[in-house]
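Asker: The opening residue of the sequence shown carries number 4 in our numbering; numbering runs sequentially from there.
Heads up, the beta-carbon is just placed ideally off N, CA and C, and yes, glycines get one too.
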Amino acid sequence: MPIANGVYRTEKSDMTKTLHRLDLLKEFPKYDYGAPRQAWLVDYRRADNNTAAQIMSFHYYWATKMCGDSGHIGISLLMSNLPYCLCVAPESGSGVHIVSPVENLTAILQPASVSLIIISSAVSLLTCQSLPKDALPEIRKRRFCTGKETLPMLREWASFLMPGGVMIANLIDESIAREAGWSLFQKDNRLQHAWTPKRFEEHIVKPMSDLFELDEINSMGNHFSFQVVLKKK
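Shown next as C-alpha cells:
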C-alpha cells in the first residue's frame, strides 16, 4: 500500500497469500511433511491419498526454512512455482524462470551464492553413459546406473551452495514400484536413473561425504517416494 512519503510498502499478509499454499498448510501445518493432520491419507495405495500434497509440502518446508527468513534465494532445477526459488529449466514456465540447461549453472550463478538447491526432478535425468537414450523400457529396467557420471555434476551444483546450505530431493522409490509390479522406466522414457534409498546413499551420498553431511534419507511412509536432505559442510 502507498504511504505518505511515496514509499510503497507490501503488507506481510499480502505476501503470505502469494507465497504460500493454504491447501498444503491445511493438510500439513507449517509444511511439516512428517506430521500430517490425517496420517491415514499418506498412503499412495489409497485412491484418496494425499501423497502429492506431502511431497509438495516437503519442498515448501525447505524453501521456507532456508530462504524465507534469511532473504537468500534457492535454485529449483526443473520444478517451477516454488517460493523463494528461481527455476532453471530448458523450457519456459511461470514465475521467476531461467531458461537454460540444468548442466549450465556456471553461466548463471556465482559460487556459494544460494542456500538451497532442489534436484528432485533433475537428478534422475542426468546422463547414464551405459544406458542408451533410446533403450526400450525392458532393457532399462534390467540395467543399473551407479550414478558415477552424475557425481561431477552434483559436485558442480554443490559449489553454488553457501556453507550450511542444503541440497534436497524427493524421489520415487524404485523398489516400491517393482513390488507393485512395474518400473519407473516404463512410465517415463526420459529417465536415466531409478533410485532406492539404499542405492542413492551408497552411490551418491557416500562419495560426496567430503562435501555434505547427511541430514535425512528415508521413506516418507507413503509407499511411493523417499526424501534426501544433504547439508553443505
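#1: As a quick exercise: from G150, F188 and M170, pick the residue whose alpha carbon is nearest that of G77.
#2: Could you check where the alpha helix (DSSP H) with M69 kicks off and where it finishes?
#3: Near S73, what residues of its chain come up, given a Cβ to Cβ distance below 8 Å and the 5 sequence neighbours on each side ignored?
#4: Can you tell me whether Q57 is buried or exposed? The criterion is at least 16 other CB atoms within 10 Å of its CB, across all chains shown.
#5: List the whole-angstrom C-beta distance separating E152 from L129, where the pair is believed to meet the contact cut-off of C-beta under 8 Å.
#6: Which two residues bound the contiguous beta strand (DSSP E) that contains L80?
#7: Can you list, in chain order, the stretches of the alpha helix (DSSP H) that have 4 or more residues and sit fully within the stretch 179-236?
#8: Between the C-alpha atoms of A172 and A183, what's the straight-line distance to the nearest angstrom?
#9: Does the stretch 151-166 come close enough to the stretch 102-115 to have 3 or more Cβ pairs within less than 8 Å?
#10: For S60, tell me which candidate among L157, E219, I122 and P39 has the shortest Cα-Cα distance.
#11: Can you name, in chain order, every residue of its own chain whose Cβ lies under 8 Å from the Cβ of I220, other than the five neighbours on each side?
#12: Any chance the CB of I122 is under 7 Å from a heavy atom of the ligand MN?
#13: Would you say M82 and H100 are within 8 Å of each other, going by their C-beta atoms?
#14: Does N173 come out as helix, strand or coil in the three-state DSSP assignment?
#15: Using only the alpha-carbon positions, how far apart do S123 and I175 sit?
Answerer: Here's the rundown:
#1: M170
#2: Run containing M69: none; DSSP gives neither H nor E here.
#3: S118
#4: buried
#5: 7 Å
#6: G77 to L80
#7: 187-190 and 200-203
#8: 23 Å
#9: yes
#10: P39
#11: P200, F203, E204, V208, F229, Q230, V231 and V232
#12: The model depicted lacks the ligand MN and carries no ligand whatsoever.
#13: no
#14: strand
#15: 9 Å
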